[in-house]
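Residue numbering for the sequence shown follows my numbering, starting at 393 and increasing by one per position. From the three backbone atoms N, C-alpha and C, an ideal C-beta is built for every residue, glycine too.
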Amino acid sequence: MKMPWSKKIQEINLEPSTGDDATANNVVERKLGLGKIGTIFASGSALFSDGYANAAIGPAETILKTYIYPEAFAAPSQNSSLVSSMGFAGMVLGQLSFGYVSDKIGRKFAMLLCTAIVFVFSALSAASKGPGAQGTINALIAYRFLLGIGIGGEYPAGSVAAAESTEDSSISKNQQQRLFVLATNTMLDFAFAIAYFVCLVLLWIFGMNHLNAVWRITLGLGVVPPMFLMYFRLKMHEPEVYKKGTMRNARIPYWLIIKRYWVKLAAVSITWFIYDWITYPFGLYSSIITAEAVTDSTLYTSLGWGCLINFFYIPGTLFGAFIVDYLGPKYCMIFGLLMQALFGFIMSGTYELLKKHVAGFAIIYALFLAFGEVGPGNNLGLLASKAVGPTAARGQIYGIAAAVGKVGAFIGTYTFPNIIANLGGSGTYGGDTGVFWIGSGLAIVSAAITFFFIPNIKADAMRDEDILFREYLEENGYDTSHMGMKDQTHGIDSEAATVTENVEDKK
């Protein structure tokens with residue numbers, strides 16, 4: 393017997409048709425907006441894993457350091473710095489190595505491999521165990537390093553693929569930068585807040601008598617995002633831009649690339665270094681900072697304030713996402729940096745007053761972090777992928793810039809306690825405010841570098857630059873006939889003519 397709804401059920405296709413020939417003709421795509429936009433998010437949202445893994449170690453370390461293994465973390469032990477920073481060391485290695493894999497083998501292969509690494513070592517981090525307290529901490533440090541390799545690889549693989557997918561012909565030119573931001577940095581910022589919230593919920597469930605379960609499950613839940621992403625990434629194809637501009641079957645002319653792009657690469661790398669030096673330590677040590685303002689702090693209140701403060705990244709990244717297509721990434725970044733500096737100076741100058749009004753302290757501190765997302769948080773990835781180099785070496789260029797940034801994060805997390813100590817120590821005016829004076833000053837330096845050395849970009853910036861890059865190579869005697877994948881080489885000459893005419897008209 394045929395039921396009235398049987399025909400409708402038979403017509404429903406639940407397979408997401410992402411990739412080059414995607415169409416919004418099935419129920420999932422109509423309801424959830426998959427297809428071309430889904431490809432962007434499947435590429436970039438692995439940064440959720442990055443944000444969760446980096447933020448989750450903050451409350452986990454607080455539990456280990458204060459309640460479970462306080463002797464192992466007592467001075468002169470370096471365990472505290474190593475637990476926080478070894479993940480960044482692994483990320484640097486992953487960013488540099490996977491940049492080459494992404495360019496020469498493919499974006500999809502690199503993304504799948506990174507997803508598998510993140511899944512495996514998130515699980516192993518949660519299961520860290522060794523002989524005694526130091527053995528367990530050593531295992532955690534080692535797994536954090538290996539986890540960092542997979543997370544770092546997502547930058548030149550997933551983020552670059554997301555950027556290239558925004559310039560698909562079916563994506564509105566007025567939404568290209570916004571979609572990239574929402575798929576990458578917004579995902580990362582949500583993860584920062586969720587990591588603290590997850591730890592707080594687990595503390596409510598298990599209580600202070602079962603803190604081993606709290607920190608292990610907090611880290612272990614890092615397996616969830618890559619598990620979901622793996623399915624969608626298996627359905628993906630390489631981005632159109634990559635297919636046309638890749639040198640996977642040709643020699644990459646590194647010297648010509650360096651001569652053309654080194655100034656912009658250096659500028660983006662320096663600003664990324666400064667941003668990560670400021671942001672990651674402030675996020676990871678938010679519990680420490682708020683503990684100074686909240687005198688009756690417990691683990692519950694410390695995690696609660698950390699969750700609230702990390703939540704304020706989210707309004708910043710969302711606000712920035714909806715203005716970036718209008719201001720352009722360059723000027724959006726400068727605006728965010730200057731506002732961040734302003735709030736940093738306000739917080740430093742009024743710290744003694746703010747300590748007496750905890751809500752005011754949290755709001756000003758949160759605005760300091762939020763405007764960091766409006767500016768460099770949202771736009772560094774955009775500029776590194778779209779303003780610095782061609783598709784042929786985009787993964788490696790992006791990886792270099794991101795690696796320099798993570799060196800800043802590594803140095804920041806490693807030196808942050810020492811800076812506080814040298815400025816007078818926690819609880820003193822210098823120790824509690826000095827880092828904000830330094831961070832605000834560096835934000836102004838970053839704004840100046842951005843203004844003078846980084847160009848603003850418009851819609852289809854990567855496509856246009858790839859055409860101009862081909863012409864540059866040909867002018868320097870490089871044979872471009874082997875560039876691109878075989879089925880994508882047609883039509884390039886006509887595109888080149890169009891772009892050249894547009895450039896001439898602008899002149």
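Cβ distance (whole Å) where residue 625 is taken to contact residue 507 below 8 Å: Numbered from 1 along the sequence shown, position 233 holds the residue referred to as residue 625. Numbered from 1 along the sequence shown, position 115 holds the residue referred to as residue 507. Contact flag correct, Cβ pair sits at about 6 Å.
Determine the direct distance from the alpha carbon of residue 834 to that of residue 804, and round the result to whole angstroms. Within the sequence shown, residue 804 is the residue found at index 412, counting from 1. Within the sequence shown, residue 834 is the residue found at index 442, counting from 1. Here the alpha carbon of residue 804 sits roughly 13 Å from the alpha carbon of residue 834.
Output needed for residue 646: all residues of its chain with C-beta closer than 6 Å, excluding positions within five of it in sequence on either side, in chain order. For the purposes of this step, residue 646 is taken as residue 254 along the sequence shown, with counting starting at 1. Closer than 6 Å at the Cβ level, and outside the excluded window around residue 646, lies no residue.
So, is residue 643 buried or exposed, given that buried needs 16 or more other C-beta atoms within 10 angstroms? The residue labelled residue 643 in the question sits at position 251 within the sequence shown. By the neighbour-count rule (16 or more Cβ atoms within 10 Å), residue 643 is not buried but exposed.
Which of helix, strand or coil does DSSP assign to residue 704? For the purposes of this step, residue 704 is identified with residue 312 of the sequence shown, where counting begins at 1. The answer is coil: DSSP assigns residue 704 none of H, G, I, E or B.
Should residue 664 go down as buried or exposed, given a rule of 16 or more other Cβ atoms within 10 Å for buried? Within the sequence shown, the letter at position 272 stands for residue 664. Residue environment: residue 664 is assigned as buried (16 or more neighbouring CB atoms within 10 Å of its CB, all protein chains considered).
Candidates 776, 809 and 830: which alpha carbon is nearest residue 343's? Coverage of the chain is limited to positions 393 through 899, which leaves residue 343 absent and any answer about it impossible.
Quick one: is the Cβ of residue 652 within less than 7 Å of any heavy atom of the ligand GDP? Within the structure as shown, the ligand GDP is missing, as the structure has no ligands at all.
How far does the alpha helix (DSSP H) with residue 852 in it extend, from its first residue to its last? The residue you call residue 852 lines up with position 460 of the sequence shown. Looking at the DSSP string, residue 852 is not in any alpha helix (DSSP H), and its letter there is neither H nor E.
Residue interval of the alpha helix (DSSP H) (run including residue 440): Here the question's residue 440 lines up with position 48 in the sequence shown. Annotation: the continuous alpha helix (DSSP H) that includes residue 440 extends over 439 to 455.
Label residue 546 either buried or exposed according to how many other C-beta atoms from any shown protein chain fall within 10 Å of its C-beta, with 16 as the threshold for buried. Within the sequence shown, numbered from 1, the residue matching residue 546 stands at position 154. The Cβ neighbour count for residue 546, taken over all protein chains shown within 10 Å, is at least 16; the residue is labelled buried.
Considering only their Cβ atoms, is the gap separating residue 560 from residue 788 smaller than 8 Å? Residue 788 sits at position 396 when you count from the first residue of the sequence shown. Residue 560 sits at position 168 when you count from the first residue of the sequence shown. The beta carbons of residue 788 and residue 560 sit no closer together than 8 Å.
Indicate whether the contact test is met: 3 or more Cβ pairs, each with one atom in the segment 822 to 833 and one in the segment 648 to 656, closer than 8 Å. Of all C-beta pairs linking the segment 822 to 833 to the segment 648 to 656, fewer than three are shorter than 8 Å, placing the two stretches out of contact.
Taking DSSP as the reference, what is the three-state secondary structure of residue 560? Position 168 of the sequence shown holds residue 560. Residue state, collapsed to three classes: coil.
In or out: residue 423 buried (at least 16 other Cβ within 10 Å) or exposed? As a first step, residue 423 must be located in the sequence shown, where it is residue number 31. Since pLDDT at residue 423 reaches only 46, below the 50 mark, its modelled position is unreliable, and the value read off the structure follows with that caveat. So residue 423 counts as exposed.
Quick test of your reading: residue 548 and residue 490, contact by CB under 8 Å. State the CB separation rounded to the nearest angstrom. Residue mapping note: residue 548 aligns to position 156 of the sequence shown, counting from 1. Residue mapping note: residue 490 aligns to position 98 of the sequence shown, counting from 1. Distance from residue 548 to residue 490 at the Cβ level is roughly 5 Å; contact confirmed, criterion being Cβ atoms closer than 8 Å.
Identify the continuous alpha helix (DSSP H) that holds residue 727 and give its terminal residues. Within the sequence shown, numbered from 1, the residue matching residue 727 stands at position 335. Bounds of the alpha helix (DSSP H) holding residue 727 are 721 to 741.
Do you know how far the Cα of residue 444 is from the Cα of residue 620? By 1-based counting over the sequence shown, the position of residue 620 is 228. By 1-based counting over the sequence shown, the position of residue 444 is 52. Approximately 15 Å, taken between the alpha carbons.
Those runs of the alpha helix (DSSP H) which lie wholly inside the segment 587 to 621 and span at least 4 residues: With a minimum length of 4 residues, the continuous alpha helix (DSSP H) runs that stay inside the segment 587 to 621 are 603 to 612.
Measure how close the beta-carbons of residue 854 and residue 635 come, nearest whole angstrom, since I'm counting them as under 8 Å. Taking the sequence shown and counting its residues from 1, the one referred to as residue 854 is at position 462. Taking the sequence shown and counting its residues from 1, the one referred to as residue 635 is at position 243. No, residue 854 and residue 635 are not in contact; Cβ-Cβ is about 13 Å, not under 8 Å.
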